[in-house]
């Protein structure tokens, strides 16, 4: 089906800023859906300070591993954050009780940490059944919400790394402050599906870890045709695949987690995929594009593979390793 045909079957939703109350309900959670906050560990307020120097307080080799595989291109990180600079404090959108207060879909519509939690619940409902059709078991990954900095099975990490998945402890890590950066620094839409795409992408890395494709990023770490780029694009495709099926995933009582997809939702997700393209980040940071140092792929590639997963809903169509040019 063509892109135009897909849009024709989507609900209409106003752009952000035209009516914030209506926009907040786009790709919203079903208000009555029951969330399971036990699937998310909340480490906010653990005391590790924001602004720890990359390569200083953190082991340099571990940081490069994290950035090359799961975060931001390490060759351009300094241009974006400044060497050892202090990042401003960002409200995480949490309440006094943390994610334990995230009980319903209505909470997920109101709070970012609850939206992360609800998205995790939906992903953990989707992937076991989907992979079972291929005789693949899905051990549920851990999920951590943190602020400023945290320790991981891959070493210590600060918020500057961005969301990432660590295969050593099979855990996805999210600082809610990143989602402000996604809009203010990277130029993404701030819509719900833009945020949910980020969570789904990191869970895509967990699926790759299960399938055995994740380690190809280490074997071939950078360049436009590299294994690292193909790993990231496949995770984008897996995120799109989840979006295709997201509105059919249900809670323990059988209620759908999410309401029907809208045209604006899809545009939001594509905006986020474009915003984190290597070429776009490099040009914003340095004024030039250096494909030889890419680790995640261009904006066009990231949109293409997310859309591939979304339109096909077929994991076999996410083989970024089987094409000459991803």
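In the UniProt record's numbering, the protein residues as written are 1 to 326.
Cβ atoms here follow ideal geometry from the backbone N, Cα and C, with glycine treated the same way.
Using a threshold of 7 angstroms, is the CB atom of residue i nearer than that to any non-hydrogen atom of the ligand GDP?
i	result
residue 100	Ligands displayed in this structure: none; no statement on the ligand GDP is therefore possible.
Between the Cα of residue i and the Cα atoms of the options, which residue gives the shortest distance?
i	options	result
residue 201	105, 296 and 223	296
residue 278	291, 236, 287 and 315	291
residue 311	258, 246 and 177	246
residue 326	308, 195 and 314	308
residue 44	224, 158, 132 and 34	158
residue 225	324, 132, 318 and 299	324
residue 222	117, 316, 281 and 294	294
residue 242	178, 313, 301 and 300	313
residue 240	298, 182, 303 and 178	303
residue 31	155, 183, 259 and 129	259
residue 284	155, 184 and 177	184
residue 167	182, 244 and 203	203
residue 244	154, 33, 153 and 315	315
residue 182	318, 280 and 155	280
To the nearest angstrom, how far is the alpha carbon of residue i from that of residue j?
i	j	result
residue 306	residue 237	4 angstroms
residue 114	residue 38	12 angstroms
residue 110	residue 103	12 angstroms
residue 219	residue 180	33 angstroms
residue 321	residue 112	34 angstroms
residue 288	residue 265	31 angstroms
residue 227	residue 216	5 angstroms
residue 35	residue 286	42 angstroms
residue 131	residue 282	36 angstroms
residue 191	residue 133	32 angstroms
residue 301	residue 189	18 angstroms
residue 118	residue 101	12 angstroms
residue 267	residue 129	27 angstroms
residue 299	residue 141	28 angstroms
residue 178	residue 195	10 angstroms
residue 2	residue 116	No answer about residue 2 holds up, because its pLDDT of 30 lies below 50 and its placement is not dependable.
residue 319	residue 152	29 angstroms
residue 156	residue 173	12 angstroms
residue 154	residue 317	30 angstroms
Could you round the C-beta distance between residue i and residue j to whole angstroms and report it? I think they count as a contact, below 8 angstroms.
i	j	result
residue 143	residue 170	Contact doesn't hold; Cβ gap of about 10 angstroms is too wide.
residue 198	residue 120	Actually they do not touch by this definition, with Cβ atoms about 12 angstroms apart.
residue 214	residue 205	6 angstroms
residue 42	residue 99	5 angstroms
residue 256	residue 262	About 15 angstroms separates the two Cβ atoms, so there is no contact after all.
residue 105	residue 29	3 angstroms
residue 186	residue 275	4 angstroms
Check the Cβ-Cβ distances between residue i and every residue of chain B, and say whether any is below 8 angstroms.
i	result
residue 251	In the structure shown, chain B does not exist; there is a single protein chain.
Three-pair Cβ contact test at 8 angstroms for the region 269-282 versus the region 245-254: no
Under 8 angstroms: do the region 143-158 and the region 224-240 share three or more Cβ pairs, one atom per stretch? no
Cβ contact check for the region 201-217 and the region 128-138: 3 or more pairs under 8 angstroms: yes
Three-pair Cβ contact test at 8 angstroms for the region 156-163 versus the region 118-128: no
Write down every uninterrupted run of the beta strand (DSSP E) in the region 141-201 whose length is 3 residues or greater and which is fully enclosed by it, in chain order. 142-145, 149-152, 155-158, 164-166 and 171-174
So within the region 244-294, which uninterrupted alpha helix (DSSP H) runs reach at least 4 residues, ignoring any that extend past its ends? 263-275 and 278-286
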